[in-house]
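Under my numbering, the first residue of the sequence shown is numbered 2, with each subsequent residue one higher.
Every residue, glycine too, gets a C-beta built ideally from N, C-alpha and C.
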Amino acid sequence: MSLIGENTAVKPAADLIKEGSDRTFAADVLEASREQPVIVDFWATWCGPCKQLTPALEKAVIAAKGAVKLVKIDIDKNPVIAGQLRVQSIPTVYAFADGKPVDGFQGAVPESQIKAFIDKLAPAPEASRAEQLLELARESLGLGDTGGAAQAFAEVLAADPKNLAAIGGLARCYLAGGDHERAGEVAAMAGPEAHTPDLDGVRAALVLAAAAPADTKVFEKRLAADAGDHAARLELAKALAGKAKFADAADHLLTIIEKDRDWNEGAARQQLLTVFEAAGPASDVSRQGRRRLSSILFS
Numbered sequence: 002m003s004l005i006g007e008n009t010a011v012k013p014a015a016d017l018i019k020e021g022s023d024r025t026f027a028a029d030v031l032e033a034s035r036e037q038p039v040i041v042d043f044w045a046t047w048c049g050p051c052k053q054l055t056p057a058l059e060k061a062v063i064a065a066k067g068a069v070k071l072v073k074i075d076i077d078k079n080p081v082i083a084g085q086l087r088v089q090s091i092p093t094v095y096a097f098a099d100g101k102p103v104d105g106f107q108g109a110v111p112e113s114q115i116k117a118f119i120d121k122l123a124p125a126p127e128a129s130r131a132e133q134l135l136e137l138a139r140e141s142l143g144l145g146d147t148g149g150a151a152q153a154f155a156e157v158l159a160a161d162p163k164n165l166a167a168i169g170g171l172a173r174c175y176l177a178g179g180d181h182e183r184a185g186e187v188a189a190m191a192g193p194e195a196h197t198p199d200l201d202g203v204r205a206a207l208v209l210a211a212a213a214p215a216d217t218k219v220f221e222k223r224l225a226a227d228a229g230d231h232a233a234r235l236e237l238a239k240a241l242a243g244k245a246k247f248a249d250a251a252d253h254l255l256t257i258i259e260k261d262r263d264w265n266e267g268a269a270r271q272q273l274l275t276v277f278e279a280a281g282p283a284s285d286v287s288r289q290g291r292r293r294l295s296s297i298l299f300s
C-alpha cells in the first residue's frame, strides 16, 4: 500500500497588570498597545463599584494568558489623562490598540461581559496548522479516504517527527490498507512507552493478526453443523479480527457471551476487549459493542 505545538507560558500577573499614571501613560498604554491590546481601568479609592469591577478585570486579564494587559489609573492622583479622555463617571474602562482607544464601557458589569470584551479585543488564535491537519486526517480516515488521511498525517510528521497523534494515525492508515508490516514500523517510531488510542489500537490489531487462523472455512462448517460450538465461533472471531473485520468478530464474540458469559473462563470477553481496543474506543464497533455487552451482562 502506497501512502503518502507550541506551548505558551502564562505571564505572571506583574507583567500583565500595573498601576498607571499621567506621567507613564504614553509608555504603559499608547506604546504598549502597539504590541498587544491594553485595557485602562479608571477608578478611585472611594468608588464602590470600582471595588467590584477591578478584581474581576484582573481575573479576566490573567485568564487571557497574556493576550491583553491592564493598566489601572486612580483618577484622583492622575486627573490629566482622565480629563483628556472625558471620564465623567467611574469605573470607566477603555481599550487601546495601535495607540488609539478602540472600545470601552462604564460601570461594574458581569464577568461574562468582561470576558466578551476581552475576547473581542484578542480573539482566541486559530488552531495551529498541525491541529488543522490532524483534524482533516481524522475526518478523511473516518470517511475511508486512507490515502488522504495518510498525506495529512505525514505532513504533520514532516514538521514534528515525534507527534504521537500523527504517528498513531499514520499507522492506522497502513493497518486499514492491509499493510501490517508498515503499520508496525510506523507505530514503532513512537517507542514502546508511548500510548495513544490509535497506537494502542494498532498494536492490538497487529497482535490479533499475528494470532489469527489462516482459514475460516473449517470453523464456518463447524458452526453450520452446530451453532452452539463456541470453540469454533471463537476461532472464527479471531480469524475475522485478524483481517480487521472487527464488527463481524465482535458479533460472534457477543453471541458466545450471550449464550454463556463464563464459557472457557471468559475467553470470549477477553478477546472482545482486544477487538474493541483494535477498532478504537471511538469507533462504532466499540460503542455499539459495549452497549450490547452491557445489555447482556446486566439483563
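Helix, strand or coil at residue i according to DSSP, with G and I counted as helix
{"i": "L86", "result": "coil"}
{"i": "D104", "result": "strand"}
{"i": "V110", "result": "coil"}
{"i": "T197", "result": "coil"}
{"i": "D120", "result": "helix"}
{"i": "P80", "result": "helix"}
{"i": "S129", "result": "coil"}
{"i": "K163", "result": "coil"}
{"i": "S287", "result": "helix"}
{"i": "D252", "result": "helix"}
{"i": "T55", "result": "helix"}
{"i": "F299", "result": "coil"}
{"i": "L176", "result": "helix"}
Neighbour-count burial assignment, residue i, 16 or more Cβ in a 10 Å radius
{"i": "A206", "result": "buried"}
{"i": "A27", "result": "exposed"}
{"i": "S287", "result": "buried"}
{"i": "D29", "result": "buried"}
{"i": "G21", "result": "buried"}
{"i": "R35", "result": "exposed"}
{"i": "S141", "result": "buried"}
{"i": "T46", "result": "exposed"}
{"i": "G38", "result": "In the sequence on display, residue 38 carries Pro and not Gly. Burial call: buried."}
{"i": "F118", "result": "buried"}
{"i": "G202", "result": "buried"}
{"i": "V41", "result": "buried"}
{"i": "R87", "result": "exposed"}
Residue of the options minimising C-alpha distance to residue i
{"i": "S295", "options": "G281, T275 and R270", "result": "R270"}
{"i": "D301", "options": "D16, E112 and F43", "result": "Because the chain here runs from 2 to 300, residue 301 falls outside it and cannot be looked at."}
{"i": "I115", "options": "I18, F154, L254 and P56", "result": "P56"}
{"i": "D216", "options": "D230, Q107 and E236", "result": "E236"}
{"i": "L273", "options": "A159, K19 and A250", "result": "A250"}
{"i": "R204", "options": "F277, A109 and A64", "result": "F277"}
{"i": "K239", "options": "R293, A268, A64 and A131", "result": "A268"}
Beta-bridge partners of residue i, as assigned by DSSP
{"i": "L71", "result": "I18 and I40"}
{"i": "A98", "result": "K101"}
{"i": "T93", "result": "F43 and Q107"}
Any 3 or more C-beta pairs closer than 8 Å across the segment 35 to 52 and the segment 127 to 147: no
Check whether the segment 212 to 230 touches the segment 183 to 201, taking contact to mean three or more Cβ pairs, one atom from each stretch, closer than 8 Å. no
Taking three-plus beta-carbon pairs below 8 Å as touching, is the segment 168 to 179 in contact with the segment 142 to 159? yes
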